Every structure is written in structure tokens, then in C-alpha cells.
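Residue numbers (this note's numbering), protein chains in the order written: chain P, 1 to 676; chain C, 677 to 833. Please read the structure below before turning to the comments.
Written out as C-alpha cells, the structure reads:
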């Protein structure tokens, strides 16, 4: 290259002068012609070569040669540039179509191969070097880019998308890619993210997976890309606060498999990894598939341009998008302000890693306190309370309400439930408002507003979920001020081509009004509905989702609709026998988790009574089993089936009808609560 | 009633079996079989297959979804005397596909057969079931294929 430079430098003045002379001659010739032939000077021009013809000839030859050389050089440069440009374009275009094996094969090699290349190239190929040399004045990065393609042009295999090439031939191919990217200081991994996805699902939870399945079922060969900031494939959450804690397997935190009450085992992951395809193969797979991009967060959404931007600046364009970003556990302000040490001893429970951490911590401490008396708090309290029977772990649960599930169950039932939770080994501190938390002597001291002091080793905060609406601003989506979450219509649509499902969706329920639901079955139902609507259906939210909770082996209930303890309720009870427990229910129906038999069934007729039930003793305070109706303007909007199972279809029907019933005892008869 | 009392806004009723012996006088609204909003079973009112039916589990959406759909569609619309007899190619390719994913579609053997008869009930229910409940989805899926498709013998061996 230096050689060229010196040569060029030598030639330059000559070329310049000769070209200047050329230009001058041409100009004069043109001007002369432009004037009049009459003015043809008899004498030669003053700058013209004086002297003998031989010198003239030599001069003319030199000038001609210089012009010619310059012309050839210019032509070759332009052509070479054009060629390089086209190659680069085709190489970029072919990049997403490259089969994975090619890339994975070649990626370990590029550096080594590249080094080999640059050494091999100078010797046999002086030509390409002449081309890049004038590029030197330009910045080094493009030069690196230029060098590589020019090398490849000399090497027979062209960069194509075809798969059938040997590794040695392949290794030069991806080099331009690798080199270009290393020129930009971007890791080769960036090339694995598709730049376009027909169906883009933001969030990798239950709603997202349900939508993916629905899309694949309805759109043959659909290509679905799930983008999640978690490191895990889609999994279900309920076992994290229930079944996984009851497992006998010591390696449960690794396997994440749990034994259902009927003995059958399954993983919390919806599907094993072999179900999914790699993101880079998504757009080339013959029959499409579902790809999951883990560890990437969508930070910006461009609705007009139909594309999103990830936290590593990659952009993905979409045709249809689902936002299923769920939420983030809330924390108490007093804990957030309490400092590093308190925060390090506090768990906000939601994900697999939280489960692993709490499991580990709970084995090494003496006392754990759960703040929060709702579903999650009570379930965790019962799970840890069960553990405390084997170890000497003290389990405390504190909440502002009077009893467990105080915001869901009517007071009498909430009190009754609290007693049951205490029997699971939990110390309940009710009507507790946390004033401050300090770290002292390696323990945490929780001071309540009424003066009570609680000393503990670890805190689990289960005080609600903050729906994740981070994308609302960039996407220009509406956020609901009453319920939180993205505001969507009855078909779960926020804007054209954008749907929202799961915990983050504040949707219009035709029967029950606008609401936001944070339950597993709702995530499944809404995810599925969103998937249907993304593939062309226009169905509103109609099939009512249900939820369930177990508080120990004796208390289990299933519920549907709006179950708010501030509503007037009518509860119809019979006395529970040994047969009416959650455990018995699953054993009978042969299903692993109760929700199986309940969620999608539709009612045909009331359950008929056949065998005589054991006599009811009818103790006033023994709410063994029954059904509770929640009323709004005399219409049943919510139903709890208390220790009564496999009746959800009837409950669903009653809510769907939305009728005013004069006598709810008659409605209760439909459930046949005395029967199994 | 055994007892009836109110605690503020909440009414509590205790009932004996005798109290509930008489049939209910509560009226339920009649179901509309053509309601477009309702969840549908395996076969839609139009006669088409509802691929999104929860009863199919993940069969139509997994890696072998296309093969499954081809085979099952062929069977469904088959007018042959022995229904589906002209669909052997599709079934074969479906089987080949499933063999490539033993994790998702475990191969049948006696042990699995026993398990499947147990889960027969479970397979009739929902996608939610599959997603929240039963064991390895494939056992349910292949079982579902057997019992949902009436009288149809899937030659999975």
C-alpha cells in the first residue's frame, strides 16, 4: 500500500499537470471552435509544445498515456465501488436468511480465518489492494468493511443464503458481517434477532404464551416472536406459591417440577425448549413456529412505523403486536426508604428467581414475616407455615385488614379463614400498618403504627402488583386511571394492530363493566382471545375467567366474576364433610389442578343429586362448604364456590345471564352443595 | 332453613339437605347455539374444525402443527367408506414429525397407555387445563386425539 502511495504521489503531479494541459487544450479547442473558423490561429499556441516534432510526439504520447491511465483508473474505481456497494447490499439482504448452522459454524472461525485471510490476501492478490488503497484517506471502519468484501470478491464462493457449503468456504462469507459489526463494536449475537416479525408478543408470560398458541392454531405456518426480559421460557405462576412448596424433591428449585395431588408430575414451563424455534430461524422456518427472545426488553414503541426498539438498540418491525407485559410487585414505601440492608432482606415475590431465593433463605433463617393478606401473601404464609412444622421457622403474617382475604371474603368468612391459616402454623398480626422498618443486630425490626414491634430475619412483601405500562408513553397508548394498565376495548385492542392481554390489560367486560384482572386463568383466556383477534376474529371478552386459592388442605375455593368484600353478599352453607376438601376434589376428578375441570366447561343442567349426603350438623360458625353470591344492584356479579368443586360451569352461566333473582337460595339449589 | 341471619350487608343462610331437596325455581336464560361470542367445541357450526379448541391442547400449534392439521383435515373431510383411508401419507408425515420431538410427543407404549386411560377425563377439558394442570402435555394431546375424534384410530405406535 505504501508503495502505491508513493507511486501515486509521483504520478499525481504529472497526472495533474497532464490533465490540466488536457483540459486547457480541450477548452481552447472548444473555444476556438466556438468562435469562428476564421480565427484559426496560424501560429501554435504559446503553451503548446515548441520545438521539434519528436518532442511533440513524445509529449502527446505522454499526455495521452496519462489521460488514458487516469481514465482507466477512474473507471475501475467507480466500477469497483459499485460492485462493492451491490455486494454489501446483497450481503445485508441475505443475512437474515442465513441458516443457523452456517452462522454458528462460521462464527467461532471468523477471527482466526480473518487473520489467515489478511495474510493470504496481500501475496496472491495485489489487485484488490490497489482498489482499497485510495480509500485510505477515509475512516478506518469503512475501510475494514471494504477490505473484506473485496477479499470475498476474489474468493469463488459468493455470499448467498444457500446452506450447502463447506465450513472452509463459509468462513470467508460471514466475515464481512463479522468485520462490519466489529467495526461498529457490536457483538455477533446482534445478528440473531430478526428485523421483522409478523406477530410480535411483548412479554413472555402466561397471556403471551396463550396468544402464541392461539395464533399458531388459527394461522397456519404463523411466525410468532416472543420478546421477554426474563431469562426463562414461558411458565405458569400459581405453583410458585403453592405446589412447588409442597414438593418432597430436594432439587425442586432446579427442576421446577411439581407433583400434583393425584401423583402426576409436570413442569411449570408450559412447553419444553424443543417446542420453540430459534429467533434467527423464525423467518425461514417452513412452517413457522414460536420463537422466544429472552433477556431483551422492549424500551420504545413506534406505532406509526409499526416497530419496536429493544434495550440493545435493535429494532424489530411487526405486523401485529401484543403487549403482555404483566406487572411488577409493589413495595412498601417505608421499606424502600429503609436502606440497603433492609432491601437486601426483603423479597418481592413474582418470578422463578424469587421463588428460588425465598426457598433458600427460608431454610437458613429463624423468622420470616409476610406483609400482605391477599392471595399471594396468604398462600405463601400457608406454604411457609407448613414448612415451619418440620423446621423451627417462625412464620408471621401481617396486614391492615381484620382477617385474611379481607378485601375478597365477607367479614365472617375472612375471620373463619384466618383461624384456619393460624392452624397452618402462621402467627397472624391483623390490623397492622407498618410505620417503619430498621435493620438492627442482623435482624429486621418492624414497628407498627399502634406501637407493636415485630423482630424478624426476612420480609416478603405481597402488597399488590403495579401493572407495567412503560411503553404507554412512546406508543401513545392510553393508561387507565382507575384500575391502572393499558386501556383497551372489549376486543382487547388498544390501537390498530396493538392488543393487550393479561395483568396489564384494563379491558371492557360486556357483562361486568371495565375491569383489570390479575389471575392466571384470565391471562390464559385473554391471551387466547387476543391471539384470536390478532388473526382476524372480532370477539369480545365473553367467556368469564375464574380463579382459585387453597389455604391449606382444608380450605379451598374457586371464584368467578367480581368478588369484592365491599359488595353485599348472600352465603348459602352446608356443613363440610371429609369429602369436601380440595384434595378430595382433585382425586375424584382425576385432574391435577382443580382449575382444569372448571375453566372451560359450560353448564348444561344443574348437577343432579343421587346419593344421600351425611347429615348436616348446622353449627352456626362452621362454614364448611357453600356458595356465596356477590350482588351489585340485585344482580349476581360474582360467585365463590366454597369447598365445593366441579360446579364452575353453573356459576359461569349465572354470571353470564346477569338476571335479577328474587330468591338466591333457589339459585343456590342449582349447585347441589350437599352432593359431592 | 336451618338458620338465616344477616351480619350487616352480608346474609348467611344454612341449609339442610332437605331444604334443597325440591327442584330449583330459579330460571336460567336459554342458550343460543349460534351465539358468535361463545366458546366453541371441536367442530364449528359451519362444519369446519376449530383448531383453537382447548380440547386439542397444543397439537395444532406445536412444531408438528401443520402436519397434524393436514392429517386431521384430510380425515375430517374424507368421504371414503373407511374414513381417512386415503390419508395415510399425511398421517405418516405427521408421525415422522412427532418422532423428531419425543419430548413433546412421547411415543406410545403400554405404560403410557395406562396413564392415558387415567387422564381420559382430563383430556376432555380445556386449554387452561393443559396449561395449568395435566402432566406432560403430549400424553394428553395424543390421548385427546384418540378420544375426541370419535371412532377414529390414529395409527400412532
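For each residue, glycine too, the CB sits at the ideal point set by N, CA and C. Only a predicted model underlies this, so the values are computations on that prediction, with no experimental measurement involved.
### Query
How would you write the range of the beta strand (DSSP E) that residue 413(P) sits in, first residue to last?
Indexing the first chain from 1 puts residue 413(P) at position 413. Where residue 413(P) is concerned, there is no enclosing beta strand (DSSP E), although the alpha helix (DSSP H) it sits in stretches over 411-423.
### Message
Is residue 519(P) close to chain C? Criterion is C-beta to C-beta, closer than 7 Å.
### Response
Residue 519(P) sits at position 519 when you count from the first residue of the first chain. No, because no Cβ of chain C sits closer than 7 Å to the Cβ of residue 519(P).
### Query
Closest Cβ-Cβ distance between residue 767(C) and chain A: below 7 Å?
Included in the structure are the protein chains P and C, with no chain A among them.
#### Entry: Rounded separation between residue 618(P) and residue 384(P) - CA only
Here residue 618(P) refers to the residue found at position 618 of the first chain. Here residue 384(P) refers to the residue found at position 384 of the first chain. Legend: pLDDT at residue 618(P) = 39, less than 50; position of this residue unreliable, value from coordinates given subsequently. About 33 Å.
### Task
Kindly indicate which three-state DSSP category residue 822(C) falls into: helix, strand or coil?
The residue you call residue 822(C) lines up with position 146 of the second chain. At residue 822(C) the pLDDT is 36, less than 50, meaning the model places this residue with poor confidence; the figure from the coordinates comes in the next sentence. Note: residue 822(C) maps to helix in three-state DSSP.
### Query
Going by the beta-carbon positions, is the gap between residue 690(C) and residue 258(P) smaller than 7 Å?
Your numbering for residue 690(C) matches position 14 in the second chain. Your numbering for residue 258(P) matches position 258 in the first chain. Taking 7 Å as the Cβ cut-off, residue 690(C) and residue 258(P) do not qualify as a contacting pair.
### Task
Note the first and the last residue of the continuous beta strand (DSSP E) segment covering residue 681(C).
Counting from one through the second chain, the residue named residue 681(C) turns up at place 5. First-last of the beta strand (DSSP E) with residue 681(C): 679-683.
### Task
Name the one or two DSSP bridge partners that residue 224(P) has.
In the first chain, the residue the question calls residue 224(P) occupies position 224. Residue pairing by DSSP puts residue 224(P) in a beta bridge opposite 199(P) and 290(P).
### Message
Checking the sheet assignment: what are the DSSP bridge partners for residue 333(P)?
### Response
On the first chain, residue 333(P) is found 333 positions in, with the first residue counted as 1. Residue 333(P) is not bridged to any residue.
### Message
What residue range does the beta strand (DSSP E) around residue 766(C) cover?
### Response
Here residue 766(C) refers to the residue found at position 90 of the second chain. First-last for residue 766(C): 764-775, but that is the alpha helix (DSSP H), not the beta strand (DSSP E).
### Task
Can you check DSSP and say which residues form a bridge with residue 303(P)?
Along the first chain, read from residue 1 onward, the residue named residue 303(P) stands at position 303. Beta-bridge pairing links residue 303(P) to no other residue.
### Cβ-based burial, residue 544(P) [other Cβ within 10 Å; buried from 16]
Locating residue 544(P) in the first chain gives position 544, counting from the first residue. Buried, because 16 or more other Cβ atoms sit within 10 Å of the Cβ of residue 544(P).
### Task
Find the nearest neighbour of residue 280(P) within the set 270(P), 462(P), 274(P) and 291(P), judged by alpha-carbon distance.
Within the first chain, residue 280(P) is the residue found at index 280, counting from 1. Looking only at 270(P), 462(P), 274(P) and 291(P), the smallest Cα-Cα distance to residue 280(P) is reached by 291(P).
### Query
Contact between the segment 527-535 of chain P and the segment 342-355 of chain P: three or more CB pairs below 8 Å?
no
#### Entry: Chain-order list of residues whose beta-carbon lies under 6 Å from that of residue 603(P) (same chain, five-residue window excluded)
Within the first chain, residue 603(P) is the residue found at index 603, counting from 1. Confidence in residue 603(P) is poor, its pLDDT being 48 and thus under 50, which makes the residue's placement too unreliable to answer from.
### Task
Could you check if residue 669(P) is buried or exposed, using at least 16 other CB atoms within 10 Å of its CB as the buried criterion?
Here residue 669(P) is taken as the residue at index 669 of the first chain, counted from 1. It is buried - the Cβ of residue 669(P) has at least 16 other Cβ atoms within 10 Å.
### Query
Mapping DSSP to helix, strand and coil, what is residue 677(P)?
Outside the modelled stretch of chain P, which goes from 1 to 676, sits residue 677(P), for which no answer is possible.
### Query
Could you check where the alpha helix (DSSP H) with residue 357(P) kicks off and where it finishes?
On the first chain, residue 357(P) is found 357 positions in, with the first residue counted as 1. Per DSSP, residue 357(P) belongs to the alpha helix (DSSP H) from 352-364.
### Task
Quick one: grab the DSSP three-state call for residue 731(C).
As a working mapping, residue 731(C) is identified with position 55 in the second chain. Residue state, collapsed to three classes: helix.
### Query
Can residue 379(P) and residue 241(P) be called in contact, C-beta distance under 7 Å?
Translated into positions along the first chain, residue 379(P) becomes position 379. Translated into positions along the first chain, residue 241(P) becomes position 241. One thing to note: residue 379(P) has its Cβ within 7 Å of the Cβ of residue 241(P).
### Task
Could you round the C-beta distance between residue 733(C) and residue 726(C) to whole angstroms and report it? I think they count as a contact, below 8 Å.
As a working note, residue 733(C) is residue 57 in the second chain. As a working note, residue 726(C) is residue 50 in the second chain. Between residue 726(C) and residue 733(C) the Cβ distance is about 13 Å, and since that is not below 8 Å, they are no contact.
### Query
Taking all protein chains shown into account, do 16 or more other C-beta atoms lie within 10 angstroms of the C-beta of residue 249(P), making it buried, or fewer, making it exposed?
Position 249 of the first chain, counting from 1, holds the residue named residue 249(P). A residue is called buried once 16 or more other Cβ atoms fall within 10 Å of its Cβ, and residue 249(P), having fewer, is exposed.
### Task
Going by CA-CA distance only, name the one from 197(P), 247(P), 221(P) and 239(P) that's closest to residue 227(P).
The residue given as residue 227(P) occupies position 227 in the first chain. The shortest C-alpha to C-alpha distance from residue 227(P) to any of 197(P), 247(P), 221(P) and 239(P) is the one to 197(P).
### Task
Name, please, each residue of chain P whose Cβ falls closer than 7 Å to the Cβ of residue 713(C).
Within the second chain, numbered from 1, the residue matching residue 713(C) stands at position 37. The answer, in chain order, is 539, 540 and 542.
### Query
Just the Cα atoms here: how many angstroms apart are residue 474(P) and residue 233(P)?
Translated into positions along the first chain, residue 474(P) becomes position 474. Translated into positions along the first chain, residue 233(P) becomes position 233. Near 27 Å, if we compare the C-alpha coordinates of residue 233(P) and residue 474(P).
### Message
Less than 7 Å between CB atoms is the rule here; does residue 694(C) satisfy it with respect to chain P?
### Response
Taking the first residue of the second chain as position 1, residue 694(C) is located at position 18. Not closer than 7 Å to any Cβ of chain P, the Cβ of residue 694(C) fails to qualify, so no.
### Message
Count Cβ pairs between the segment 398-416 of chain P and the segment 681-700 of chain C that sit closer than 8 Å; are there 3 or more?
### Response
yes
### Query
Is the Cβ-Cβ distance between residue 432(P) and residue 331(P) less than 7 Å?
On the first chain, residue 432(P) is found 432 positions in, with the first residue counted as 1. On the first chain, residue 331(P) is found 331 positions in, with the first residue counted as 1. Contact flag unset, no.
### Query
For chain C, is any of its Cβ atoms less than 7 Å away from the one on residue 678(P)?
Coverage of chain P is limited to positions 1 through 676, which leaves residue 678(P) absent and any answer about it impossible.
### Query
Touch check for the segment 438-453 of chain P and the segment 484-493 of chain P: three-plus C-beta pairs under 8 Å?
With a cut-off of 8 Å, the segment 484-493 of chain P and the segment 438-453 of chain P do not count as touching, because too few Cβ pairs lie within range.
### Query
In whole angstroms, what is the alpha-carbon distance linking residue 429(P) and residue 365(P)?
Along the first chain, read from residue 1 onward, the residue named residue 429(P) stands at position 429. Along the first chain, read from residue 1 onward, the residue named residue 365(P) stands at position 365. Cα to Cα, the separation comes out at about 20 Å.
### Message
Spatial neighbours of residue 267(P) within its chain, please: C-beta separation below 7 Å, excluding the five flanking residues on both sides.
### Response
Your numbering for residue 267(P) matches position 267 in the first chain. Closer than 7 Å at Cβ, skipping near neighbours: 256 and 257.
### Given 8 Å, three or more beta-carbon pairs between the segment 697-709 of chain C and the segment 657-667 of chain P
yes
### Query
Among 773(C), 722(C) and 730(C), which residue has its Cα nearest to the Cα of residue 753(C)?
The residue you call residue 753(C) lines up with position 77 of the second chain. Cα-wise, what sits closest to residue 753(C) is 722(C).
### Query
Going along chain P, which residues have a C-beta under 8 Å from residue 725(C)?
Looking up residue 725(C) in the second chain gives position 49. The contacting residues do not exist; residue 725(C) stays about 10 Å from chain P at best.
### Task
Go ahead and label residue 510(P) buried or exposed: buried means 16 or more other beta carbons lie within 10 angstroms of its beta carbon, across all protein chains shown.
For the purposes of this step, residue 510(P) is identified with residue 510 of the first chain, where counting begins at 1. Counting Cβ neighbours within 10 Å, residue 510(P) comes out exposed, since fewer than 16 surround it.
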